[in-house]
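Heads up, the thing below is written out as structure tokens.
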């Protein structure tokens, strides 16, 4: 494993090579990257009843655009907002107040909140997974055409695309 990692660092600075050489084998981990087809999200269930998926269970992606953890944080914010909107009722004065409901009413509210979360996050996740795949394909490609396209034509386009993917407005976070 150490030899494999070292062989991939031919053009890396000496400091990085030294870190790998001095790292104990027990601390080197290998996990396969898995690609989830975007159509799994288009036609699949993100929520069912009072259960939903988020984070890597929802949108596993390769690290090529560095948005995995960021999108998981986005998921948490969107999920919290969707559940809060579903569970809190507005009084006539406009203030939010928790309402004591029967168990079945709460279940239905949670289910609706999770459906809203799934609806809101579905397309963002599809776009991120697809972008990570395309960027990874070109970054890791070593064919002549792929290399030419990456180095000569796609670099400015990809950098702009990555900046757009990283831009997600979570809105103003407030405690109420």
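In the UniProt record's numbering, the protein residues as written are 1 to 176. Beta carbons are placed, not taken as given, at the ideal position from N, Cα and C, and that holds for glycine. If you're wondering where the values come from, they're calculated on a predicted model, not measured in any experiment.
Taking contact to mean 3 or more Cβ pairs, one atom from each stretch, closer than 8 Å, check whether the segment 109-118 and the segment 70-89 are in contact. yes
Under 8 Å by Cβ, that's how I've got residue 135 and residue 163 pegged, so tell me the actual separation to the nearest angstrom. Contact doesn't hold; Cβ gap of about 12 Å is too wide.
Under 8 Å, with one C-beta from each stretch per pair, do the segment 53-60 and the segment 121-130 reach the 3-pair mark? yes
Residue 93 versus residue 71: straight-line alpha-carbon distance, rounded: Only weak support is given to the placement of residue 93: the predicted model assigns it a pLDDT of 46, under 50, and the value that follows is read from those uncertain coordinates. Between residue 93 and residue 71, the C-alpha separation is close to 35 Å.
Just checking: is the beta-carbon of residue 150 within a distance shorter than 8 Å of some beta-carbon in chain D? Absence of chain D from the displayed structure is noted, only one protein chain being present.
According to the Cβ coordinates, are residue 147 and residue 65 closer than 8 Å? no
Nonlocal neighbours in the same chain, by C-beta distance under 7 Å from residue 49, ignoring five residues either side: 111
Ends of the alpha helix (DSSP H) at residue 15? 14-22
The alpha helix (DSSP H) with residue 54 in it runs from where to where? Taken as a continuous stretch (DSSP letters only), residue 54 belongs to no alpha helix (DSSP H), as it is neither H nor E.
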